[in-house]
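Trainee:
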Amino acid sequence: MSTVWTIDRVADRFQEAAITARRLPPARVQGYASFWPDIHRQSWEGYADERIILRFAASPAAIDRFGETVRWLRWLEDEQRRLVWLRAQYVPWREISYRTGLIRKTAWRRYQHALAVVVVHLNGELPRFAAVEPSTETTILR
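Residue numbers for the sequence shown follow the UniProt record's numbering, beginning at 1 and rising by one.
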């Protein structure tokens, strides 16, 4: 049985992808190295205001779903991608409207349209109505 996608399910997947993106390690440029010796701090220096960021590692299944969800962004235009990704990161509508220059209601409508575009691509073609054959009773008058 194939999965029937809805707008809510697609929005949840984008939100999960945004959470997974935050859990992945940051991309760093390789090749830069420091040849200074490592700093070994005293115990009292460890109480400085340096924050330790605890990141919970993303599961392999979440990373696979992240890759699949990011590929869905190909079906959207740049403005739609930006709207979907901002909303997936739980950015409030007021902030989204400020960043995009759109009215809140217009931003929401375009967001819903972008999710609908993804849903149509995921569910396949829209159902077509049965071809209506012209009846013999209706004739074109000339």
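We treat Cβ as the ideally placed atom computed from N, Cα and C, and that holds for glycine.
1. Quick one: grab the DSSP three-state call for Glu79.
2. Can you tell me whether Ala27 is buried or exposed, with buried defined as 16 or more other CB within 10 angstroms of its CB?
3. DSSP three-state call for Val10: helix, strand or coil?
4. With Val70 as the anchor, note down where its alpha helix (DSSP H) starts and where it stops.
5. Determine, using beta-carbon pairs with one atom in the region 95-105 and one in the region 55-62, whether at least three such pairs fall under 8 Å.
6. Touch check for the region 83-94 and the region 36-43: three-plus C-beta pairs under 8 Å?
7. Taking only beta-carbon atoms, is Gln80 less than 8 Å away from chain C?
8. Measuring straight from C-alpha to C-alpha, what distance separates Trp75 and Ile63?
9. Ile7 and Leu115: beta carbons closer than 8 Å?
10. Considering only residues of the same chain and omitting the five flanking positions on each side of Arg55, which have a CB-CB separation below 7 Å?
11. Can you tell me the Cα-Cα spacing of Ala37 and Val119, whole angstroms?
12. Determine the closest residue to Gln112 out of Ala11, Glu68, Trp5 and Val91, with distance taken between C-alpha atoms.
13. Quick one: measure Cβ to Cβ for Phe66 and Thr20, integer angstroms, because I've assumed they're closer than 8 Å.
14. Report yes if the CB atom of Arg109 is closer than 8 Å to the CB atom of Arg94, and no otherwise.
15. Helix, strand or coil, according to DSSP, for Ala57 in the structure here?
Mentor: Here's the rundown:
1. Residue numbering aside, residue 79 sits at position 79 when the sequence shown is read from its first letter. In the structure shown, Glu79 sits in a helix (DSSP, three-state: H, G or I).
2. Sequence index remark: in the sequence shown, residue 27 carries index 27 (1-based). Looking at its Cβ environment, which holds fewer than 16 other Cβ atoms inside 10 Å, Ala27 is exposed.
3. Mapped onto the sequence shown, residue 10 falls at position 10. In the structure shown, Val10 sits in a helix (DSSP, three-state: H, G or I).
4. The residue labelled residue 70 in the question sits at position 70 within the sequence shown. It spans Pro60 to Trp72 - the alpha helix (DSSP H) in which Val70 sits, taken as one unbroken run.
5. no
6. no
7. Chain labels in this structure do not include chain C; a single protein chain is all it has.
8. Walking along the sequence shown from the start, residue 75 turns up at place 75. Walking along the sequence shown from the start, residue 63 turns up at place 63. CA-to-CA, the gap between Trp75 and Ile63 works out to about 20 Å.
9. On the sequence shown, residue 7 is found 7 positions in, with the first residue counted as 1. On the sequence shown, residue 115 is found 115 positions in, with the first residue counted as 1. Yes, the pair counts as a contact, with Cβ atoms nearer than the cut-off.
10. Residue 55 sits at position 55 when you count from the first residue of the sequence shown. If we look at Arg55 and ignore the five residues flanking it on each side, its Cβ neighbours are Arg23.
11. For the purposes of this step, residue 37 is taken as residue 37 along the sequence shown, with counting starting at 1. For the purposes of this step, residue 119 is taken as residue 119 along the sequence shown, with counting starting at 1. Checking the sequence shown, residue 37 turns out to be Pro, not Ala. Distance between the alpha carbons of Pro37 and Val119: 54 Å.
12. Residue mapping note: residue 112 aligns to position 112 of the sequence shown, counting from 1. It is Ala11 whose Cα lies nearest to the Cα of Gln112.
13. For this step, residue 66 is matched to residue 66 along the sequence shown. For this step, residue 20 is matched to residue 20 along the sequence shown. Contact holds; Cβ gap of about 4 Å.
14. Along the sequence shown, read from residue 1 onward, the residue named residue 109 stands at position 109. Along the sequence shown, read from residue 1 onward, the residue named residue 94 stands at position 94. Cβ distance not < 8 Å, so Arg109 and Arg94 don't count as in contact.
15. For the purposes of this step, residue 57 is identified with residue 57 of the sequence shown, where counting begins at 1. In this structure, Ala57 counts as coil in the three-state DSSP scheme.
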